[in-house]
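In our numbering, the protein residues as written are 4 to 78. Beta carbons: idealized from backbone N, C-alpha and C, even for Gly. Note that the structure is predicted; figures quoted are calculated from it, not measured. Here is the structure we will look at, set down as structure tokens.
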């Protein structure tokens, strides 16, 4: 282990140590937030793709129904 001062051996924590620990905590939280944002963006993109596919399918169904009606009326 690295050299420790007498204060560190006795359990005292310096202001610098507290500040560095706080910085590490903030970095971890920011990293977790970025990961959540990326996951959310991927989920939203997937949902948008599914919505587009659903709209395309609905348009195709409407076109096929119109074709069926045209064929029925042609008889």
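Nearest Cα to residue 20 within the set 32, 42, 7: 7. Shown here, residue 34 sits in a helix according to DSSP, grouped into three states.
Each residue's CA atom was taken as its position, placing residue 61 and residue 30 some 46 Å apart.
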